[in-house]
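**Student:**
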Amino acid sequence: MKNVMRYKRYIITGAAVLIVFLLLIFGLRSCGVSHKSPEGVVRSLIKAYSNGNQSKIKDCYGVKKETEESLQKEIDATIKYFKAHNPKNVEIRECDVLSENDQYTYVYVTYDMKLENDQSYPCVSTYMTDKENGRYYILSSSKVTDDMRKQAAADYAKFMTTNTYKNYVKEYETFTKKNPGYEDKIAGKLS
3 MKNVMRYKRY IITGAAVLIV FLLLIFGLRS CGVSHKSPEG VVRSLIKAYS NGNQSKIKDC
63 YGVKKETEES LQKEIDATIK YFKAHNPKNV EIRECDVLSE NDQYTYVYVT YDMKLENDQS
123 YPCVSTYMTD KENGRYYILS SSKVTDDMRK QAAADYAKFM TTNTYKNYVK EYETFTKKNP
183 GYEDKIAGKL S
């Protein structure tokens, strides 16, 4: 009888250790930035912005040490934009490639900022990513050439004809009709 109790204790202890080990593995994997795909790094960037996590934001851009001044201004402004909305959380809806070539992959992301009043503020953003040593990074504005901008504008014009974009516009218009003055309130926080 004592041996049976001892074995049960060993099994329970072993199972508890295994559960803690698995939680640590999966918990740590979800804490980092995903550089495996263009969509992964864009998703990571949006989540990092929503949390105001500068180190993860910089990791998404591939910044190792010092951040160039123009990129730091862009990061600070985007963090301020997210804070102005004061979302409880951010839910990413869609993230996919708009276009791809040798120089970059152009990615869109649609997401909702869940506001304190339980309304969803719909957002759409686009980012250019680059692959370096098998890892994807967001391209900073200073690395985007005029030719890349022209091609991105053409790709975005095509994107505007998709149901994804049309649904975003419809949801945005619905939100602004329900919340007149919201945009002015946000603009006031940003100035």
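Take the working numbering: the last position of the sequence shown gets the number 193, and nothing is skipped along the way.
Glycine is no exception: its CB is placed at the ideal position from the N, C-alpha and C atoms.
All of these numbers come straight from a predicted model, not from anything done at the bench.
1. For the alpha helix (DSSP H) holding S52, just list the boundary residues, first then last.
2. V109 by DSSP, collapsed to three states: which one?
3. Who does S122 pair with in a DSSP beta bridge?
4. Assuming contact is defined by CB atoms lying nearer than 8 Å, are Y110 and D98 in contact in what I supplied?
5. In or out: T163 buried (at least 16 other Cβ within 10 Å) or exposed?
6. Nearest to M150 by alpha carbon, out of G136, Y129, E71, N165?
7. May I have the straight-line CA-CA distance separating E71 from D78, to the nearest angstrom?
8. So the alpha helix (DSSP H) D78 belongs to, where does it begin and stop?
9. Let me make sure I understand the geometry here. Which of A154, N165, D120 has the alpha-carbon closest to that of N91?
10. Below 8 Å between beta carbons: does that hold for T112 and Y170?
11. Report the option in A154, C125, K160, F84 whose CA atom is closest to the CA atom of T178.
12. Please look up how many angstroms separate the CB atoms of Y139 and D132, rounded, as I've assumed it's under 8 Å.
13. Given this structure, state the Cα-to-Cα distance separating A189 from N135, to the nearest angstrom.
14. Let's see if you can read the secondary structure: which residues bound the alpha helix (DSSP H) around E185?
15. Taking only three categories from DSSP, how would you classify S127?
16. Taking the alpha-carbon of L47 as reference, which of E68, V146, I94 has the nearest alpha-carbon?
17. Expressed to the nearest angstrom, what Euclidean distance is found between the alpha-carbon atoms of C33 and K85?
18. Considering only the beta carbon of each residue, do A50 and K38 sit closer than 8 Å?
**Tutor:** The structure says:
1. 40-53
2. strand
3. K116
4. yes
5. exposed
6. Y129
7. 10 Å
8. 71-87
9. D120
10. yes
11. C125
12. 6 Å
13. 40 Å
14. 184-192
15. strand
16. I94
17. Because the pLDDT of C33 is 49, which lies under 50, any placement of that residue in the model is unreliable, and the number read from its coordinates should be weighed accordingly. Taking the straight line from one Cα to the other gives about 21 Å.
18. no
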